[in-house]
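Just below is one structure, and these are the notes that go with it.
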Amino acid sequence: MGNKNIDVLLVEDNSQEAEIVRLYLAKRYSLSYGIRHVRTIANAVQEIRQQSPDVILLDLHLPDTKGLDGFRTLSSAAAGVPIVILTNCNE
């Protein structure tokens, strides 16, 4: 990918878990990337309309959707963009 920044859209309603993801990525990967963080599927769709990300990290349990409905919505809004599903094992 060269010097290109990887645009990551993180869809996570829990700010502590979002920070854990940020810290993990910073520690694990030396690639240049930027993270846009939103808390709802509706906000994610707005972000995608403004600029399609390179990858989406998606929590399945959000205030405005449950389960795979959010995945389906984002798959439709960001066709061709890889979506990585994140979820807490306790949920």
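Following the working numbering, the numbering of the sequence shown begins with 345 at its first residue and continues without gaps.
Yeah, the Cβ is synthetic: ideal placement off N, Cα and C, and Gly gets one too.
Everything numeric in this text was worked out from a predicted model, so none of it was measured.
Exercise for the section: Answer with buried or exposed for Val428, where buried requires no fewer than 16 other C-beta atoms within 10 angstroms of its C-beta. Expected result: Your numbering for residue 428 matches position 84 in the sequence shown. By the neighbour-count rule (16 or more Cβ atoms within 10 Å), Val428 is not buried but exposed.
Problem - CB-CB length for Ile400 against Val355, believed under 8 Å - result: Position 56 of the sequence shown, counted from the first residue, corresponds to residue 400. Position 11 of the sequence shown, counted from the first residue, corresponds to residue 355. Confirmed, Cβ separation roughly 7 Å.
Problem - Cβ neighbour criterion (16 or more within 10 Å) applied to Leu402 - result: Indexing the sequence shown from 1 puts residue 402 at position 58. Leu402 is buried by the Cβ-count criterion.
Handout entry: C-alpha gap between Asp408 and Lys371, whole angstroms
Key = Position 64 of the sequence shown, counted from the start, is the residue given in the question as residue 408. Position 27 of the sequence shown, counted from the start, is the residue given in the question as residue 371. Rounded to whole angstroms, Asp408 to Lys371 spans 31 Å at the Cα level.
Practice task
Pull up the CB-CB distance for Thr431 and Leu404, whole angstroms please, since I reckon it's below 8 Å.
Solution key: As a position in the sequence shown, residue 431 is number 87, starting the count at 1. As a position in the sequence shown, residue 404 is number 60, starting the count at 1. Indeed they touch by this definition, with Cβ atoms about 5 Å apart.
Problem - Burial state of Gly414, where buried means 16 or more other Cβ atoms lie within 10 Å - result: Counting from one through the sequence shown, the residue named residue 414 turns up at place 70. By the 10 Å Cβ count, Gly414 comes out buried.
Exercise for the section: Give every residue of the same chain whose Cβ lies closer than 8 Å to the Cβ of Ala386, excluding the five residues on either side of it in the sequence, and list them in chain order. Expected result: The residue labelled residue 386 in the question sits at position 42 within the sequence shown. Cβ neighbours of Ala386 beyond the five flanking positions: Asp408.
Practice task
Name the residue from Tyr368, Ala423, Lys410 whose alpha carbon lies nearest to the alpha carbon of Asp398.
Solution key: Here residue 398 corresponds to residue number 54 of the sequence shown, with the count starting at 1. Answer by Cα proximity: Ala423.
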